[in-house]
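This report concerns only the one structure given below.
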Amino acid sequence: MSRVQLALNVTDIDAAVDFYSKLFGAEPAKRRPGYANFAIAEPPLKLVLIENPAERSHGVVGALNHLGVEVESPDEVQAAAQRLSVEGLAPILQESTTCCYAVQDKAWVDDPDGAPWEVYTVLADAPEQTDLGCSTEACAPVETKALPIGATSGSASACC
4 MSRVQLALNV
14 TDIDAAVDFY
24 SKLFGAEPAK
34 RRPGYANFAI
44 AEPPLKLVLI
54 ENPAERSHGV
64 VGALNHLGVE
74 VESPDEVQAA
84 AQRLSVEGLA
94 PILQESTTCC
104 YAVQDKAWVD
114 DPDGAPWEVY
124 TVLADAPEQT
134 DLGCSTEACA
144 PVETKALPIG
154 ATSGSASACC
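So the sequence shown is numbered by this note's numbering: it starts at 4 and just counts up by one.
Put into structure tokens, the structure is as follows:
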């Protein structure tokens, strides 16, 4: 099952969790300091709440942090990355990156106005957070496998 992801910047994580719990009639699937996510069945949605991000996410300022499509497997991330590449969108691929309290594989692209989209799968839960900025630009540069499709080596960001 695939579902759309919406990641929002919030000023008060407790107030936001209370509001969205009531709005969707669901409790968070994961709750950590400054972070919560909801796995909502109807409508199929992964809602991520990130409290007071210190920097912009992909140049986006305001309530939107990033958007995404959660898929079930790394193969689906790879297939999406290939399809996006064929379409000329130049995805950035990240493998086994830790962010949003999870280890994930993902492919990133930006829409024409700079809104960041990721196609991702969760590989495992992670007890620690590397960054709540959740974008390829919001994280500190580190050596990783985040590369444009077809590239062979380099340094990029490691985050959700």
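Where a beta carbon is used, it is the ideal one built from N, C-alpha and C, also for glycine.
Member of the options whose CA lies at the smallest distance from the CA of residue i
i: Ser5; options: Cys102, Gln85, Asp114 and Glu75; result: Glu75
i: Glu45; options: Leu26, Ile95, Arg86 and Gln97; result: Leu26
i: Ala129; options: Gln107, Val112 and Ile53; result: Gln107
i: Val122; options: Glu131, Ser88 and Ser24; result: Ser88
i: Ile43; options: Pro119, Asp78 and Glu73; result: Glu73
i: Glu79; options: Thr124, Tyr104, Glu54 and Gln97; result: Thr124
Three-state secondary structure assigned by DSSP to residue i
i: Asp17; result: helix
i: Leu70; result: strand
i: Tyr23; result: helix
i: Leu9; result: strand
i: Leu87; result: helix
i: Tyr104; result: coil
i: Asp114; result: coil
i: Leu92; result: coil
Beta-bridge partners of residue i, as assigned by DSSP
i: Val80; result: Bridge partners of Val80: none, in fact.
Residue environment, residue i, which counts as buried when at least 16 other CB atoms sit within 10 Å
i: Lys109; result: buried
i: Glu30; result: exposed
i: Ala39; result: buried
i: Thr14; result: exposed
Test item: CB-CB of residue i and residue j under 7 Å
i: Val112; j: Leu96; result: no
i: Lys49; j: Gln8; result: yes
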